[in-house]
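Here the structure comes first, spelled out in structure tokens, and everything after it is commentary.
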């Protein structure tokens with residue numbers, strides 16, 4: 001895979017004459033990996049791509065070591081969207097959905113009525129943090145913008161688009177006052193850069209490279225574009241993690257499950273569809289402290 005062209009990355013930029021930073025994200029291969037795991041309807045593919053783009057942008061903006069988890073839940077035909085992105089820039093995602101209730105032109109409000117968005121930062125060291133906001137925008141872009149207005153109180157705007165093949169996103173965020181000390185001048189500068197970004201169409205962002213996007217928007221501004229930061233799809237599931245889940249049940253309950261399920265337990269990863277099988281010999285080996293690295297001969 002290292003010989004393939006880079007299709008998955010974020011790229012930061014700053015304005016030299018104002019206190020504003022930005023970031024662009026492009027996802028193709030990792031987006032395709034997520035979509036390949038399930039037969040998602042088109043509107044669900046779009047939402048998943050937009051949420052993946054948001055997670056990729058946030059990992060860079062929040063600057064932490066650990067795991068970022070985005071969960072959108074609702075009472076509608078899409079009860080769950082979930083994206084995980086690590087500080088190592090490894091991403092995975094899934095959706096639960098009722099296909100027969102989803103129209104081809106369904107909107108966010110149609111798919112996720114009474115929805116809430118939870119943003120969880122689970123650092124390698126330190127305290128876990130979670131923020132929750134209602135999904136009350138017309139788009140996911142509006143919902144994330146609203147989240148930052150309410151919880152972070154930092155000027156932040158998102159533009160998120162996906163079409164089932166490529167997911168793209170643009171983030172603009174105010175920095176602490178440095179170049180522009182006057183509040184009115186600072187507010188006018190922020191309004192200017194966000195108004196220009198709002199002229200960008202979905203087709204433009206999905207089809208153009210970052211340099212062209214920034215030139216179209218800000219050819220009269222001094223913009224510095226930094227090196228790309230790569231992302232990739234990777235699922236963190238493993239046979240060992242599945243075994244730990246069985247250990248948490250206790251030996252008696254785990255052995256009962258084996259009998260109940262006809263001689264073996266199947267643990268499926270919903271993110272990547274990997275299947276881990278455990279039979280009675282595996283369970284005995286596991287609780288004897290012999291580990292899980294070598295499957296028994298009874299499993300295919």
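In the working numbering, the protein residues as written are 1 to 300. Quick reminder that beta carbons are idealized off the backbone N, C-alpha and C, glycines included.
Selected residue, minimal CA-CA separation from residue i, among the options
i: residue 12; options: 43, 36, 40 and 61; result: 61
i: residue 99; options: 38, 196 and 149; result: 38
i: residue 96; options: 218, 195 and 45; result: 45
i: residue 221; options: 189, 236, 153 and 251; result: 189
i: residue 88; options: 283, 279, 66 and 223; result: 66
i: residue 156; options: 231, 83, 139 and 194; result: 194
i: residue 146; options: 284, 113, 119 and 179; result: 119
i: residue 169; options: 154, 144 and 181; result: 144
i: residue 85; options: 140, 236, 104 and 219; result: 236
i: residue 16; options: 180, 33 and 247; result: 180
i: residue 187; options: 90, 142 and 154; result: 154
i: residue 140; options: 47, 198 and 191; result: 47
i: residue 259; options: 283, 239 and 165; result: 283
Beta-carbon spacing of residue i, residue j below 7 Å
i: residue 160; j: residue 53; result: yes
i: residue 133; j: residue 117; result: yes
i: residue 115; j: residue 74; result: yes
i: residue 27; j: residue 167; result: yes
i: residue 77; j: residue 102; result: yes
i: residue 9; j: residue 229; result: yes
i: residue 263; j: residue 162; result: no
i: residue 21; j: residue 173; result: yes
i: residue 217; j: residue 196; result: yes
i: residue 94; j: residue 233; result: no
i: residue 257; j: residue 267; result: no
i: residue 175; j: residue 19; result: yes
i: residue 64; j: residue 121; result: yes
i: residue 223; j: residue 214; result: yes
i: residue 59; j: residue 51; result: no
i: residue 287; j: residue 251; result: yes
Enclosing alpha helix (DSSP H) for residue i [first to last residue]
i: residue 186; result: 183–197
i: residue 110; result: 108–111
i: residue 151; result: From DSSP, residue 151 is part of no alpha helix (DSSP H); its letter is neither H nor E.
i: residue 127; result: Here residue 127 belongs to no alpha helix (DSSP H), and DSSP marks it neither H nor E.
i: residue 61; result: 42–62
Unbroken beta strand (DSSP E) run spanning residue i, endpoints
i: residue 285; result: It is not in any beta strand (DSSP E) - residue 285 instead sits in the alpha helix (DSSP H) that spans 280–287.
i: residue 121; result: 116–123
i: residue 85; result: 80–86
i: residue 68; result: 66–73
i: residue 208; result: That residue, residue 208, is in no beta strand (DSSP E); it is neither H nor E in DSSP.
Residue(s) in a DSSP beta bridge with residue i
i: residue 272; result: For residue 272, which the question treats as bridged, DSSP gives no partner whatsoever.
i: residue 168; result: 26 and 161
i: residue 233; result: 91
i: residue 259; result: For residue 259, which the question treats as bridged, DSSP gives no partner whatsoever.
i: residue 132; result: 118
i: residue 228; result: 11
i: residue 102; result: Looking at the DSSP assignment, residue 102 forms no beta bridge with any residue, so it has no partner.
i: residue 21; result: 14 and 173
i: residue 223; result: 15
i: residue 381; result: Outside the displayed range of the chain (1 to 300) lies residue 381, so it cannot be described from this structure.
Within-7 Å CB hit, residue i to chain D
i: residue 240; result: Protein chain content of the structure displayed is limited to a single chain, and chain D is not contained in it.
Any non-hydrogen atom of the ligand FAD closer than 6 Å to residue i Cβ
i: residue 169; result: Absence of the ligand FAD is noted for the structure shown, with no ligands found whatsoever.
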